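Let me begin by presenting the structure, written as structure tokens, before commenting on it.
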Amino acid sequence: MWLQGFLVALQGTNLLYLLVGTIFGLIIGALPGLGPMFAVSLALPLTYGMPAASAIILLAAIHASTSYGDSFASILINTPGGPTSVASCWDGFPLAQKGKAGFAMGISTGGALTGGIIGWLSLVLIAPLLSDLSMGMGPAEYFMVGLLALSLLSMASQGETIKGMILGAFGLLISFIGRDPITATKRFTLGTVYLEDGLPLAVVFVGLFALSQIIILAEEGGSVTEVKEPKGGVLDGILDVLHHPLTIIRSGLVGIFMGIMPALGPSTANVISYLVEKKSSKHPETFGQGEPAGLLAPEVAKSSCIIGDLIPTFTLGVPGSGVTALFLAALILHGIQPGPDFFSKGVLPYAVFAGILLAQFTFFLMGLGFAGKIAKVVLVPNTFLVPAVVVFCFFGAFAVRNFLTDVIITLVFGVVGFVLYKSKWPLPCLVLGFVLGDILESNFHRTLIIGHGSLMPFITRPVPLVLFLACIVLLCWPYVSALLLRWRTDKDRLIPADLEDEVER
Amino acid sequence: MREQLLKFETFAVGTIAVFSGLFLLQTYQYGRRAALFPRVVSFTILFLTGFFIVSRIRRAMVKPPAKKETTRIVQSEITQAGGVHWLLTLSAATGFFVLIYLVGFGPSTFFYVTAHLYLAGYRRHRVIFLFALAMAIVIFLTGYLFTIPLPEGVLVPMIVGER
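Sequence lines, in order, name chains A and B. Mapped onto the working numbering, the consecutive letters of the first sequence carry residue numbers 126 to 630. Mapped onto the working numbering, the consecutive letters of the second sequence carry residue numbers 843 to 1005.
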């Protein structure tokens, strides 16, 4: 069946759709604010007349390449192409500034392929198992996963704990704008219909990261890098990926885990994997200054999460995110009923899975061929880059929902991002709070409803209890490790003194 | 001490505190369930910002701040690098938004790019014109290809008449 599936996916028309989808996705991905959701929703109506396999292959190619293309702007001009590649800026852009833009693009390309393959393997090999796991998770578990992710604030705050906590809480607060997820009460909407849906993630992120960075580039003048001779090419970056096997494993697991959890998507996986990698690193101080692992981790996690997201969609018919909901719609539209018996529906599911794998290689080959040329953007004078990116920021912010008000939100958050960046406040904390707010609140209330107002489900169920203990360990670890270090230093200081005494005796 | 207190980040923290205070007041209009999380988070922010401001005051009282002489030097370096001051960039971007509202996305892209390049001190008129025109065309084509209904501006229907 697998062979037949690959043969279908490798048919001439399907390969053409793969190519078209990849190019389309790369263009959309590179535009600030526009991500997979926009690209897939735009392409979905175009697939009506297509054969089922071709339609899903086209959408899979668009999905994968949009996410990959999102990182271009993150690395080259420090403006995320979408919410899924925010963390890619943090070490990708410093690499570009050092004249290693091609190398960084190589890491992104290799990382995206590796993550895609990990995600695909998990989709094919352990999908039913993972689906069972995700279905066994209730709101109490989701709340604790969210809390665990939030406890990474201490890591994201980069030594500025109080500032990080203030920003994290501020992120949570602005995520509460709009209708309450349980009672649908309008909160902080200022009486406007616009704010009832809350602040749109993509629009806020375009402002916070893209517009603010462009203001900084405008101030700096010159170009992104003054290094005319690039250090390391795309191929070097791809090969460097192989030197970080543990990073790949860690980020791949984070990505799959976040993928199979409904509501926790690539935007969360991207940030969490970066923080996990920083926490696991022996040299966390190098993060944020062009550390290759700091770029690789979010890239791998994002790609594996995107495919991990498809696991509950295909095997249970439960979409994990907005994009996978579109995939579900496309499957049903083309007469494919997702569910536990998905694999027993002839050659079509195998062709779809083969197409998803081929999509990873298509964008990889495109990246291999063109990433080096795209990387030359860093040499364009900021005088030209700035107005062009501002135009695309506004275009992207508007195109998300076709609201001109979204452009105002982008402008406001652009100023907020600029101010926070200039005062060296840890912006990742704001992202973490904003992304996790809804997950925490809705699942907390659901647990209370299930427990008839009691908090006991949080501690009587094994998984939430373990996760809660993990939160405590994570929050206390910096203080415990500092105490341990002091104890060790004291001990080391004592030993030579003892030895001296013995020598004297 | 006064300088330290007036430092920008204290102002930013104050703004966040006021913002969360207003949120907190608003929560008393909501039901218990809808108010719980915003209230807890608002209280947390107020506590943290209070702690932050107190710690800054204590620090300012202990150690007098060294006078910074770098501001003017950095500013002159920025000017020399051909950069545009942040306020100008932001004002141009705000102007761009107003133009979008008035004359639509395509024409305002042309005007904005032209204005920004002039503000940045670039004076090769032909290049400016061609670059601004190219950007406007790219935006128009992207909008057309991806079927994005770009705003036409409120002035266009007034001049051309409702279509």
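Each residue gets a CB set at the ideal place from its N, CA and C atoms; glycine is no exception. As the structure is a prediction and not an experimental result, all values here were calculated from the model.
Three-state class that DSSP yields for Gly293 (chain A) in the structure shown: helix
7 Å CB neighbourhood of Ser567 (chain A) in its chain, flanking five on each side removed: Taken in chain order, the residues that qualify are Pro306 and Ile307.
Cβ of Arg943 (chain B) within 8 Å of any chain A Cβ: Before going further, note that residue 943 (chain B) is Tyr rather than Arg in the sequence given. Yes, because at least one Cβ of chain A sits closer than 8 Å to the Cβ of Tyr943 (chain B).
Cβ distance (whole Å) where Leu248 (chain A) is taken to contact Ile436 (chain A) below 8 Å: 6 Å
Cβ shell of Gly130 (chain A) (< 7 Å), same chain only, five flanking positions each side left out: Val472, Tyr475, Ala476, Phe478 and Ala479
Members of the stretch 515 to 526 of chain A that neighbour chain B once the beta carbon cut-off is set at 9 Å: Flagged, chain order: Val515, Val516, Phe517, Cys518, Phe519, Phe520, Phe523 and Ala524.
Nearest neighbour of Asp563 (chain A), chosen from A:Thr147, A:Gly154, A:Gly261 and A:Ile302 [CA to CA]: A:Ile302
Whether Gly206 (chain A) touches Gly154 (chain A) by CB criterion (8 Å): Yes, Cβ-Cβ distance for Gly206 (chain A) and Gly154 (chain A) is below 8 Å.
Any chain B beta carbon closer than 8 Å to Ala274 (chain A): no
Neighbour flag for Glu410 (chain A) against chain B, beta carbons, 8 Å: no
DSSP three-state assignment for Pro423 (chain A), whether helix, strand or coil: helix
Segments of 4+ residues assigned as alpha helix (DSSP H) that fall wholly inside the stretch 499 to 552 of chain A: Fully contained in the stretch 499 to 552 of chain A are the following alpha helix (DSSP H) runs of length 4 or more, in chain order: 507 to 526 and 530 to 547.
Straight-line Cα distance separating Val525 (chain A) from Ser348 (chain A): 29 Å
According to DSSP, residues forming a beta bridge with Ser348 (chain A): A:Pro506
Contact set between the stretch 856 to 877 of chain B and chain A, restricted to residues whose Cβ is under 7 Å from the partner: Ile858, Ser862, Phe865, Gln868, Tyr872, Gly873, Arg875 and Ala876
Secondary structure of Lys225 (chain A), DSSP reduced to three states: Three-state result, Lys225 (chain A): coil.
Contacts of Val424 (chain A) in chain B (Cβ-Cβ under 9 Å): Position check: residue 424 (chain A) holds Glu in this sequence, whereas Val was assumed. In chain order: nothing, as chain B lies at least about 26 Å away.
Within 8 Å, strictly: CB atoms of Phe520 (chain A) and Ala189 (chain A): no
Cross-chain neighbours of Phe543 (chain A) in chain B, by beta carbon under 7 Å: Trp928
Beta-ladder partner(s) of Gly303 (chain A), from DSSP: A:Arg312
Run of the alpha helix (DSSP H) containing Gln129 (chain A), from where it starts to where it stops: Trp127 to Ala134
Under the three-state DSSP convention, the category Ala962 (chain B) falls into: coil
Extent of the continuous alpha helix (DSSP H) to which Arg898 (chain B) belongs: Arg874 to Val904
Minimum Cβ-Cβ distance from Met903 (chain B) to chain A less than 8 Å: no
Residue burial classification, Phe947 (chain B) (beta-carbon count within 10 angstroms, cutoff 16): buried
Status (buried if at least 16 other CB within 10 Å, exposed otherwise) for Ser884 (chain B): Buried: at least 16 other Cβ atoms inside 10 Å.
Cα-Cα separation between Gly924 (chain B) and Val270 (chain A), rounded to whole angstroms: Caution is warranted here: a pLDDT of 47 is assigned to Gly924 (chain B), below 50, making its placement in the model unreliable, and no coordinate value can be reported.
Distance between Ser300 (chain A) and Glu321 (chain A) (C-alpha atoms, nearest Å): 12 Å
Supposed contact pair Ile232 (chain A) and Glu424 (chain A) - C-beta distance, whole angstroms, cut 8 Å: 7 Å
Among A:Leu246, A:Ala422 and A:Leu144, nearest to His368 (chain A) - alpha-carbon criterion: Checking every option, the nearest Cα to that of His368 (chain A) belongs to A:Ala422.
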